[in-house]
Structures are given as C-alpha cells and as structure tokens.
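What follows is a set of notes on a single structure, which appears directly below.
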Amino acid sequence: MFYKRLYVRIAVLARLHLFENRRQCDVRKTEEKMTADQEIGIKEAFQRAQKGHNNKAKLVASLKSRYNSLEDKTLFHEEFVHYLKYAMIVYKREPAVEHVIEFVARFATCFQSPPKTEEEEEQEEEEGAEDDHPFLCYIFNFLLESYKANSHAVRFRVCQLINKLLGSMAENAQINDDLFDHIHQAMLVRVTDKFPNVRIQAAMAMTRLQQPKDPDCPTINAYMLILENDTNAEVRRAVLSCVAMCPRTLPKVLKRTRDIKENVRKLAYQVLADKVHVKALTIEQRVNLLQQGLHDTSAVRDVVCSYLLPAWLLRLDGNIIELLHRLDVENCAQTALDALRAIFRCMPTEELLQNRMQLDNKKLIPVDSLTPEIVLYWRSLCEFIKAKGDEGDEMLEQVLPDAATYAAYLYGYLKSVPELSEEQRSDIDQVELVITKKFISQQLIHLTGCLDTNEEGGRKCLLAVLQEMLAFPQTPFSLVSLLTEKLLTLIPDDQRRIQTVAEIISDVKEPIMEASQPVDEKESRRQQVQLAEVKVRILEAKQTLEDCITAQEFSRAAELKDDIAELENHRNQIIQEIAASSQPADKEIRTEKNDPETLQRCLTMCAQLLKEMNIKMQIGPTISTLMSSLILPSIANAHPDVRNIAVVCLGTCALHSREMAKTHMVLLLQIAQLDEVKIRISALRAIIDLLLLFGFQLLSKPAATQTALPSQSPDRQEEGAPLAEEKGDGSEDTAQSILVMLSEFLDSEVSELRTAAAEGLAKLTYNSRMSSSKMFSRLVLLWYNPVTEDDTLLRHCLGVFFQLYARESRAHQEVIEESFLPTIQTVMNAPVTSPLAEVDINNVVELFVELTRPSALIKPSPNTEVCVHDYLAVRMCGEMMKDPKAPEVRLYAKTLSNLELSRDETIRKDLHILLQELVQVVKDRFCLRALEKMMNQLVDSKEHAELLSTSALQPLDVNADETATDEPSKSAKRPKRGQRKVCTAKGGRKSSRRAESSEESDGENVPMVRPSRKAKTAALEKTKLDLNPLINQEANVS
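According to this note's numbering, the residues represented by the sequence shown are 13 to 1050, in order.
Here's what the structure looks like:
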C-alpha cells in the first residue's frame, strides 16, 4: 500500500514536471516571437495602436523590449514624440486617436517599478530616492512644454495625456517634487481654459494632486471655484467626480444638489452616497438633501432612492428607526414620510412585515414604548400597505387592530396629554414632553385613516371617541383640525356632517352647566344666630321643666313641655332652611364662552367643515346660523388669530353662494388693505378664489356698493386691464380697482404679501379670468428683480406659470409677444439706482423668445398659419427702423436669428424687404452681419432645410475649429428650448456662453435629424479618422 501511494506521488510529480517544461517552452516561444516583433518600429506600433482589436499589452511589451535593447535612447524619445504629435492635433474624440492616447499612456507607465513594501520604501528613503524613468520624464516635459499651445486641440490632448499618465500609475507611486509642482501649475492654468473639454481633462488630471488636509491646497481651491462659477455642466460634473471630501468641499458639493442641470444633481447625490458618511452631515443637511431629492425630477429621485438612502441605511446597519432619529421627525415629519415610502418601495414585501415594530398581542405598541420615530414608522408602514389595495388587506391586519380596540387605545393616549400650568411652561423639559406627546397624538390620529371602518360597531366607537375629544376642553388646539378632518371622513353625507359639527361647536361654545343660586352670607348668618337662640331656649326650657317636676309643679311642667315641642319644631324648620339654601339646584343651563381659545376651536372646526363640503352644495340654515352667530362676529374680534380664521371661514363659505360672495366682497377688500399682514393675505387669497370661481362679473354691483371700495390714484389706473366676462361700467371700475390693488401689492416690501399677489395674478391669468400684457410684463420684471432673489416660492411659482401659460395656446403667446417691447424698454431704461439695472437684458430676451416659440405649444398650429415669432420679428425690425443707432439695435439683430419663422413665402418676402431697408440704415458691423445672415436664410430657406437634414451625415475636418459656436442661428432649431430656459433664467445673473455649453463639451450636441440605421453606418465609416495617411504623407515628404 505504501509503495502504491509512493508511485502515485511520483506520477503526479512527473506530470507537474512535464507541464513545467511545456510552460517554459511556451515562454521561450513567446520571447522569440517578441524578439521578432522588435523589428516593428515606432511608426508601425502607432499604426497598430489605432486598431481597437489589437492587443495593446503586446504592443507595449514589444516596444518596451526594443527600448531596453537600445543604448542611446534619445532618438527613440524624439521619434516617439514625433508620431505622438499626429494624434495631439486632433480635437475630435475619434476612436483611432483615443486608442493611440491609451497606448501612449500604457507604454509610458510600463517602466515604473512594481509596488514596494513598507520596509523597501523605508530602506529606499534612507539610501535616497531614485529619479523617475527617463522616458516618463521626457514625455512629461514634452507635455508641459506644450500646455500653452495656441491650438485648443493640443491643449486638450496634453491635459488628457497627463490625466491618463497619472491615473495609470500605481496607487503608491511617487514622482519628483519639481515635476509635481510643474504639473500642478500647468493644470491650474488649464482649468481656466476657454474650451470646456480642456477644463474637464485638466480638472481630472489634478485628481491625484489634491491634499484635502492642507487648508490652502490650490487644487481644492480651484475645484471649489469651478463648482461655484463654471458655466459648463460637464466641467462641474468632472470636478464632482474628482473632488475629495473634506469640511471645505462638502458645502460646495451639497450646493450642486441644487444645480441647474439634472446630470450634475444626479452625480452630486451619487458622490454624497459614496464618499460621505451619514453621521458627517448635520440634521439640516440630511433633511434638505431628502426634501430636495425626493421632489426633484424622476431621474434624480431614482438616484436618491437607489443610492443615497441605501448607503445611509448600510452605514446605520439597516436600522430604519436610527435613520429617522437622524432626521428629527418631529420638525420634518413629511420629509421623513417621503423617505420611508421610498425605502418601502425598494423593499421586498416579505421584509416589510419582518421589519415591523414590536407589537403586543393586541397589535398595538405599548404606550411606554411610543416614540416619535416608532409611531411615524408605524403610520408610514400602515399607509404604504393600505395603498396596495386588496393585496395589502391581509398584511394590514397583521400590523393594525380592529377599529374598536384602536379607538379605546387612542382615547386613552389623548386623555394622557397634560395641560401645562403657568409655572410648568417655564420648564423646558415639561414643554418638550408635551410637544412630543402632541406629535405622537397627531400620528395616532392619522392612523385612523388606515382602520377598517366597514364594521358598524367599530366605526361608531371611533366616531364617539373623535366627537368626545373635540368637545373635551383639555384637547390641545393643534389637534382640533386633524380630529375634525378624520371625523368628517367617517361621515359620507354632507347634511349629517354639518349637523354633527354644529352640535360639537354648540357644546364647545355653550357648554351645559348646573345652575346654582348664590349664597347670601347675611341671611346665612341670621339663620345661624336664630338657630343658636332656639337651641338655648330649648335648653333653658328643659332645665326649668326638670325644676318644676322636682317641685311637683305639674301644671307648669305641662306648659313647659308644650313650649319645648314648639321650639324643637322651630329648630327643625330653621335647619331645613339652612340645608335648602346650601344645596345646588338641579337646573342645567348653557353658558356662552367667548374667550379667544374657544372661538379658535369653533372656527377651526367650521373652516374644516366648509373645506370638506361639496362645492356645489348651497348654504343651508345651519351654516347661515353659524355665519351670523360665529363667523361674522369673530371678524371684529380683538384677537388677530381669531380674525384670521374667521376670514378664512368667510371666504370659504362665500364659495358656496354667489349672493354671499357679492355681499361680503367689499368687506374682504377692506380687510385685505387694512388689517395685519397674515389676515390681509388670507383675505387676498379669498378674493382670488372668488374671482377664479365666479369671474369678474361677480363685481357687477350697484354704484352704492362700489363707492365703498378704497379709492386709488389716477396715475396707477392704467397698470392693468381686466378681461371680464360681462363688461359694464360699474363692474369694470370695480375690477380695475381690484387689479390696481393687486398691482400695488406687487411692490410691497412684505415678501409674503407680494408672493400672494403674484400667485393670485398668475392664477387669474392662466385661467383666462383676465388677459393683460402690462400685467404679464409686471410679473416678468418681478421675476427678474434682484429684490426677489431670496423669495424661493415666488420665483418657483412664476417660473412654472410662465412655462405652462406659454404652452397652453397661441392666444397666450400673443399676450406675451405684446408685453415683449414694454418689458425690454423698462429694463433698458432702468436708472442706475434701480435694482432692474442689474438684470441681464440678453437673458430676458431669450426668455421671451423661448416662451413664444411655436414648437413649444402643446397643440402646435398648422405650418401655413402665421406664427407669433413673425409678429415679433416685425416689431423688432420696426424698433430698429425708429433709431438705427440705439444700443438695443444690436440686441434685436442678434435675436432675429433665434426666431422660428413660419414657412409662408409672403411673410418671408415682407420680412426680407424690411431687412433690406435695415441694412441700408444700420451702420454697426455686428448688426450688419446678423441681418445679412438672416436675409440669406430667408432667401434660401428650402436649400437651408435640405442642408440641415443632411448635415448629420457629413464628415468633419479633424482640425476645424467649431465655428458654429459663434452662430446663434443654429440654436433656433433646438426643440423645446423654452422649457429649459423658463426654469433656469435668473435675474441679475450674466448669461452663460451658450456656445461653450452646447457645442464644446461631450454629450451636449443634439442632432437635428435622426438618420436611418444604414445612414448611420455610412456616416460612421466616412467620419472614422485614420492617422496612417498623415503619417505616410509626412514620411514621403521627408
């Protein structure tokens, strides 16, 4: 057996020896082949490197072997650089050139020594560091000599090669300090290059030159400057992918999550997910990231849900409750709910129940274990399962009890919420405890929407609990609106809703109390004295009776006995009177309460009721009673909070009755001008809602009513003109007064009032309740005004309105076109002291061009119809004819080439005649070039269209500069450009170079015409660049 095993081992060793011999033979053959390949020159290596299918590792090994065999390597260096220059003069990202650049980077870095251990590095430091390889140093020196070349192609390839060389080095590679400084200085210069692609490669080349721990690191400073100020989105993306995370760079990366470009925002979230720990962010930063990311475009939302949230959970060991604790759910409940929904959507159904809270046998969380994070997670989980419909009913039964059990649970917790006394309100701990309990109560009330209320008994129990808590005086005021909302959802019938809420309001405002007569102290004292006297007389009579019996005066004793009986009866009568006066009466009466807190409770319930009512339901007797007894008296209340809720109730109630709206419109107008700011805003919103519902014909009132309106100055009367459905003299004056009032609010120093007025005017304009070019011009100027730069809500509202309004119909675009010249003239003529003087007029013109673009319409008009841009072109030509030397002539001439003119030949001929007249009077060279280009486009429109259709298939000269960046006419064919500009234009900012952002960077060019697959293949074959003819031509010449 032993010999058998030994024989097996010997056989295995023999096979291993055979395999080793074969491997050595293969190695020798490979070496012989490589030796034969040494005959391949540098030229042939460059030619082969252009082919994508060639193995660059073999080429590198072959060329390295030849390089090592040479004694004098100077000629090799010069010849290598000579052939490299052919690739460096090509700016376009040709595959052949990219292969050559990749080959050069591999070959230059193949001379590096392999990574060394720590002991070897220490020993090398003691002996003295070696210099870099001569070939690598030669390549770097050549590149550093060329980084200031006039050709942008050379600058681009220099930065690209330096980027690839540094990136191909080992992780612990080292270079000479002087070389490091030279590369650093050169790339710092090139990150400010005119061409975006050069800046991109320079920024990427400095990735390994960063020193995040150095507070004065020039690379970090350059990166932060680029992130803040570079106009090209691709450059910002490149820096985001390279920048190292440190306390200095984190705020800049966070700011890029609000970048104007979607791709930049996506990458910013990915970088934060990969490089930043969730604990390194503050609560405010985490909340802002989720709040913005989860409400961004779908692509950004996908990144937040797929990268950011999973990365945070991974770093918190998958603990969702811990993540909620890091978000401060009490102050940012909605953001936390959005985050939880995003997490649940990415989670398998089985895990939803596995990660549920620790519920007891009643499927309830013990009261002692309730925390804001746990109860919010419970609510979000139940709502998410409820949204699944029938599929989630069975799952919902596992995490939520029946309605009756939950009603008792909710009632017990709501009763436990304490009411703070004056002394306790000074204790911060007590205040925080009450705030936490109120938050938990809110979430528990929200959970009632997930209960199964189809069972009659459970629904009645829940209704009884909600009604009792609304009538309970100690219920916190912050819960009243939510309790009313949940109560009304359980009652489907509007009449029953009104009756139920009216009864609760009656119980709160006029609680039932037992009537007790006040005790008269004098009468009570008199009765007590009289009772004492009677008792004394009884004692005296009894003593006399005993004496008479002892003296055997029986007749006298009989008289005394009768007197004592009378005195005792009198004493009993007095005692009954005292007892009767001290006992309370059984009568119950209602006592009206008019304190501010009670009125706020009642008005809040009334407002919620009116909001939930069907808008078509008329005002009944119950609502009329509430109007006369509660709402109208509260408008005159001294407490501002009471007045505010009363105004909201009045405006909501008027929506149900046209007559009531007419009656109280004047009152709302007076409140909008005279009361406190928040009440004025509520009244203003109520007025806007009434005008949206009923239109301006609601104001057709008798003259007596209109005289109650506040008078306006005559010089402001022309600022707006309403488009009423029924035009009468009285109604027009009233509508004019309202619009003048709204126009004055646009100039208010109070940002909230200004925003409410702008939002109201935008709604009226969009819904065609009014149409005014002057008012539209006012809104555009307000949007661009630097004063409103910090008013995010106003900017967002107007930005969305401009886009939707312009796309809705051609009539809307005509209104915008009418407002073009007044708006431009206002900005151009703004005095130096005005904020409008800082507005970039080019940006304003671009906005109007994009808003009136025919292709932006939802339903484009027929091609034969005259478009709005035709009228706009005529208007601008007319303005240029008035004063050919005016400064705005250059602006109009530049804008003409950006218009989408109709194909009607008559319009084009008329416009051509206008342009010919302009060419004769305009002297500015820039304007003349723009006008002549426009004329050529009009004359040769058909041929121009054919050129556009075939331009995508024409090969490009590899050394041609991209002169299209100076031709704004090409931007006229960009589809739906207005949609981007409406969201991005900012007042007071300089417009970015559209040429650089759209023509120079990768991925920015959008083809005009989509060719077929065969056409694409033919175009690729034509546009493939081969450096061999250039190399051979140079060789022949030499």
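Even for Gly, the Cβ is constructed at its ideal location relative to N, Cα and C. All of these numbers come straight from a predicted model, not from anything done at the bench.
C-beta contact flag for residue i and residue j at 8 Å
i: residue 285; j: residue 319; result: yes
i: residue 147; j: residue 89; result: yes
i: residue 321; j: residue 355; result: yes
i: residue 892; j: residue 901; result: yes
i: residue 495; j: residue 447; result: no
i: residue 487; j: residue 426; result: yes
i: residue 617; j: residue 506; result: no
i: residue 570; j: residue 561; result: no
i: residue 791; j: residue 848; result: no
i: residue 381; j: residue 353; result: no
i: residue 279; j: residue 230; result: no
DSSP three-state assignment for residue i, whether helix, strand or coil
i: residue 431; result: coil
i: residue 142; result: With a pLDDT of only 48 at residue 142, under the threshold of 50, the placement of this residue in the model should not be trusted; the figure read from the coordinates follows. Residue 142: coil per DSSP, three-state reduction.
i: residue 781; result: coil
i: residue 676; result: helix
i: residue 708; result: helix
i: residue 264; result: helix
i: residue 696; result: helix
i: residue 350; result: helix
i: residue 207; result: coil
i: residue 104; result: coil
i: residue 866; result: helix
i: residue 83; result: coil
i: residue 548; result: helix
i: residue 842; result: coil
i: residue 655; result: helix
i: residue 241; result: helix
i: residue 171; result: helix
i: residue 641; result: helix
i: residue 450; result: helix
i: residue 281; result: helix
i: residue 809; result: helix
i: residue 159; result: coil
Separation of residue j from residue i, as counted between CA atoms
i: residue 988; j: residue 911; result: Unreliable placement is indicated for residue 988, whose pLDDT of 37 sits below 50; no coordinate value is reported for it.
i: residue 632; j: residue 412; result: 39 Å
i: residue 694; j: residue 775; result: 16 Å
i: residue 79; j: residue 171; result: 25 Å
i: residue 1134; j: residue 681; result: Residue 1134 cannot be examined here, being either before or after the span of the chain that is shown, 13 to 1050.
i: residue 586; j: residue 434; result: 45 Å
i: residue 101; j: residue 163; result: 8 Å
i: residue 121; j: residue 86; result: 18 Å
i: residue 16; j: residue 58; result: Here the model assigns residue 16 a pLDDT of 34, short of 50, so the residue's position is not dependable, and the following value carries that caveat. Distance between the alpha carbons of residue 16 and residue 58: 59 Å.
i: residue 187; j: residue 246; result: 29 Å
i: residue 798; j: residue 829; result: 24 Å
i: residue 211; j: residue 251; result: 10 Å
i: residue 643; j: residue 804; result: 34 Å
i: residue 950; j: residue 921; result: 8 Å
i: residue 444; j: residue 455; result: 17 Å
i: residue 542; j: residue 440; result: 57 Å
Close-in-space but distant-in-sequence residues of the same chain around residue i (CB under 6 Å, 5 per side omitted)
i: residue 696; result: 684, 768
i: residue 1014; result: With a pLDDT of only 47 at residue 1014, under the threshold of 50, the placement of this residue in the model should not be trusted; the figure read from the coordinates follows. Around residue 1014: no qualifying Cβ.
i: residue 219; result: 254
i: residue 757; result: 765, 769
Beta-carbon contacts of residue i that lie in its chain and below 8 Å, excluding the five residues immediately before and after
i: residue 377; result: 369, 370, 371, 386, 387, 390
i: residue 576; result: 550, 553, 554, 557
i: residue 232; result: 222, 223, 224, 226, 255, 256, 258, 260, 261
i: residue 248; result: 238, 239, 242, 268, 271, 273, 276
i: residue 406; result: none
Residues near residue i in its chain [Cβ-Cβ closer than 7 Å; skip 5 each side]
i: residue 659; result: 647, 683, 691, 694, 695, 698
i: residue 7; result: No statement about residue 7 is possible, as the shown extent of the chain runs from 13 to 1050 and does not include it.
Closer than 7 Å: residue i CB and nearest the ligand PLP heavy atom
i: residue 632; result: Although the ligand PLP was asked about, the structure shown includes no ligands whatsoever.
Any chain B beta carbon closer than 8 Å to residue i
i: residue 428; result: No chain B is part of this structure, which consists of one protein chain only.
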